[in-house]
Ligand code: BES
Ligand code: ZN
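Numbering (our numbering), first residue to last: 3 to 371.
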C-alpha cells in the first residue's frame, strides 16, 4: 500500500506511473505464488490545450466537458436558469453564450436544448462549490464547459443587470494511451473461481492511498492467504487500470471473458477504499451482501449496506452488468477522497485486516454451500 501511494505516487490512467505500478504489482503477485499476465488496452482521454472563458478582460477557469466541440464562440451571455426546454421558451439564443445552472436534467440535454435554440456556446455552472468534470452523451459541435458555482453565480448576476459579452474557447484533443489490468491466477483443485478485484490507478490530483492502494494491497494479501491455506478454489486476482476514468479496466476484463469462464466465477469481491472511515460498508449482489452482513454480525462488527446492487461507482458494477455476482467492500466518508491528502498515513491497517478477514470468511462460507 505504501509502495503504491508513496513510492509510485499519483498514477492516473494511461500514465507512465500507472505502467510502473502495474510492473511492480506483477512482481508482488509472483512472490505470492501466482501466474501473472498483463492485459493491455487502449484508452482515449481529453487533453486540454487551453480552454477558457473571457468576460470583459477577466479570464474564468473552466473545464471543458467530455465530447464538447472545440473552437471559439463569441456572444452575449444569457442566463437560461436550469436550461430546460421551458426555461428557453421566450429566449432567442442566436449568437449567444447560454449560462445554465447544473441540476434537474443532464449536461447533454442542457447543451442540446441550448444549441437547438441557436446558442454558440454553453457554460454550465456548478450547484455546489468548485468545478466539476462532466460528460456529454453525444458529441457536440459547439463548446460546452463547466464553471464553478461562485463564478457562475457572479456571471449570472452581471448578465441579469446589463449586456455582457463573452468569448468562450475550448481546445481539447483526444489522446490515446495504454492502460493495463494485472491478471493473476492460482489454480486450485476446482475450476470454480473466486475473483479478487481492486483498481490500482488513482486520480491525477493525489497519491491514491485509500483510493485505492488500500484495496489493491488487501486483494493481494487475501490472495496470498488463500493460496497458503490451499483453498480448493481457483483464485484470480484482477488489479484494474483506468477505473477512475469510467471503470474501463473492469469493462475490458469482463468483455474478454468467454461464457464458460464467466460461469466459473462464483463471486467477484471488489475492494475499493477499505482503509479510511468509521463505518465498514458493503454493496453489490443481494445474496452476497446478505451473506457478508450475517457473517459480520456473527463477528460482532455489523456492516451496513449502502446503495442498490446497481450502484455503479466501482469495478464490481462491470461484473454485475455482465451477470456475475459481485460484492463491494468499502468504508464511509473519506474526507480526503480524490485529493492530494489521500495519503498512505491516513490508511488504518486494521481496516484492511477487517476487509480481508471478512472476505476470507465469505469465501469459506461459499465453499460450504
Ligand atoms: N473509489 C471510488 C468510488 C467510491 C467513492 C467508493 C466513495 C466508496 C466511497 C472510485 O474510484 C470513483 O471515484 N468512482 C467514480 C465513478 C467512476 C465511474 C469514474 C465516482 O464515484 O465518482
Ligand atoms: Zn476507487
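In this text, a Cβ means the ideal position worked out from N, Cα and C, and glycines have one as well.
message = Is residue 320 a contact residue of the ligand ZN, with contact defined as CB to any heavy atom under 8 Å?
response = Working through the chain shown from its first residue, we reach residue 320 at position 318. The answer is no for residue 320.
Proximity test, residue 289 beta-carbon vs the ligand ZN heavy atom, cut-off 8 Å = By one-based count along the chain shown, residue 289 stands at place 287. No, the Cβ of residue 289 stays beyond 8 Å of every heavy atom of the ligand ZN.
inquiry  = On the criterion of 16 or more Cβ atoms from any shown chain inside 10 Å, does residue 312 qualify as buried, or is it exposed?
reply    = Working through the chain shown from its first residue, we reach residue 312 at position 310. Low per-residue confidence applies at residue 312: pLDDT is 46, beneath 50, and the placement is therefore not dependable enough to give any value.
message = So within the segment 7 to 51, which uninterrupted alpha helix (DSSP H) runs reach at least 4 residues, ignoring any that extend past its ends?
response = 18 to 33
task = Tell me, to the nearest whole angstrom, how far the beta carbon of residue 289 is from that of residue 327; I am working on the premise that it is less than 8 Å.
result = Here residue 289 refers to the residue found at position 287 of the chain shown. Here residue 327 refers to the residue found at position 325 of the chain shown. Right, the Cβ-Cβ distance comes to about 7 Å (below 8 Å), so this counts as a contact.
inquiry  = Please tell me whether, using a cut-off of 8 Å, the distance from the CB of residue 181 to the nearest non-hydrogen atom of the ligand BES is below it.
reply    = In the chain shown, the residue the question calls residue 181 occupies position 179. Residue 181: no, Cβ never under 8 Å from the ligand BES.
task = Would you tell me roughly how many angstroms separate the C-alpha atoms of residue 201 and residue 244, rounded to the nearest one?
result = Position 199 of the chain shown, counting from 1, holds the residue named residue 201. Position 242 of the chain shown, counting from 1, holds the residue named residue 244. Taking the CA atoms as reference points, residue 201 sits about 8 Å from residue 244.
query = For residue 134, which three-state DSSP category applies?
reply = Counting from 1 along the chain shown, the entry for residue 134 is found at position 132. Coil, per DSSP.
ask   = With DSSP run on the structure shown, which of helix, strand or coil describes residue 311?
value = Locating residue 311 in the chain shown gives position 309, counting from the first residue. Here residue 311 scores only 48 on pLDDT, less than 50, and its place in the model should not be relied on; the value that follows carries that caveat. The answer is coil: DSSP assigns residue 311 none of H, G, I, E or B.
inquiry  = Let me confirm a value: residue 367 is counted as buried when at least 16 other C-beta atoms fall within 10 Å, else exposed. Which label applies?
reply    = Locating residue 367 in the chain shown gives position 365, counting from the first residue. Exposed, because fewer than 16 other Cβ atoms sit within 10 Å of the Cβ of residue 367.
message = Using a 10 Å radius around the Cβ and a threshold of 16 neighbouring Cβ atoms, would you call residue 365 buried or exposed?
response = Position 363 of the chain shown holds residue 365. The residue is buried, with at least 16 neighbouring Cβ atoms inside 10 Å.
message = Could you tell me the alpha carbon to alpha carbon distance between residue 275 and residue 334, rounded to whole angstroms?
response = Along the chain shown, one-based indexing puts residue 275 at 273. Along the chain shown, one-based indexing puts residue 334 at 332. The alpha-carbon atoms of residue 275 and residue 334 are separated by roughly 9 Å.
key: Cβ contact (3+ pairs, closer than 8 Å) linking the segment 44 to 56 and the segment 128 to 137   = With contact defined as three or more Cβ pairs closer than 8 Å, the segment 44 to 56 and the segment 128 to 137 are not in contact.
query = Are the Cβ atoms of residue 19 and residue 11 separated by less than 9 Å?
reply = By 1-based counting over the chain shown, the position of residue 19 is 17. By 1-based counting over the chain shown, the position of residue 11 is 9. Cβ atoms of residue 19 and residue 11: closer than 9 Å.
key: Rounded C-alpha distance that separates residue 39 from residue 28   = Indexing the chain shown from 1 puts residue 39 at position 37. Indexing the chain shown from 1 puts residue 28 at position 26. About 7 Å.
ask   = For residue 1, which option in 352, 21, 360, 348 has the closest C-alpha, if you only look at C-alpha atoms?
value = As shown, the chain starts at 3 and ends at 371. That puts residue 1 outside it, with no answer to give.
N- and C-terminal bounds of the beta strand (DSSP E) containing residue 351 = Taking the first residue of the chain shown as 1, we reach residue 351 at position 349. Looking at the DSSP string, residue 351 is not in any beta strand (DSSP E); the run it does join, the alpha helix (DSSP H), is 351 to 369.
query = Taking the C-alpha atoms as reference points, what is the distance between residue 71 and residue 102?
reply = As a position in the chain shown, residue 71 is number 69, starting the count at 1. As a position in the chain shown, residue 102 is number 100, starting the count at 1. If you take the alpha carbons of residue 71 and residue 102, they lie about 17 Å apart.
message = Does the distance between the C-beta of residue 201 and the nearest non-hydrogen atom of the ligand BES fall short of 8 Å?
response = In the chain shown, residue 201 corresponds to position 199, counting from 1. Residue side-chain check: residue 201 places its Cβ nearer than 8 Å to a non-hydrogen atom of the ligand BES.
query = On the three-pair Cβ rule with 8 Å, is the segment 347 to 355 touching the segment 291 to 303?
reply = no
Shell residues, 5 Å Cβ cut-off relative to heavy atoms of the ligand ZN = Matched residues: 213, 214, 274.
ask   = Does the beta-carbon of residue 293 have 16 or more other beta-carbons within 10 angstroms, so that it is buried, or is it exposed?
value = In the chain shown, counting from the first residue as 1, residue 293 sits at position 291. Result: buried.
message = Given the structure, does residue 11 come close to the ligand BES, in the sense that its CB is under 8 Å from one of the ligand's heavy atoms?
response = Walking along the chain shown from the start, residue 11 turns up at place 9. No; taking the cut-off as 8 Å, the Cβ of residue 11 has no heavy atom of the ligand BES nearer than that.
task = Please state whether DSSP places residue 81 in a helix, a strand or coil.
result = For the purposes of this step, residue 81 is identified with residue 79 of the chain shown, where counting begins at 1. In this structure, residue 81 counts as strand in the three-state DSSP scheme.
message = Using only CA atoms, which one of 361, 332, 363 lies nearest to residue 349?
response = For the purposes of this step, residue 349 is taken as the residue at position 347 of the chain shown. Selected option, being the one with the closest Cα: 332.
key: Burial state of residue 7 (16 or more Cβ within 10 Å)   = Along the chain shown, one-based indexing puts residue 7 at 5. Buried, because 16 or more other Cβ atoms sit within 10 Å of the Cβ of residue 7.
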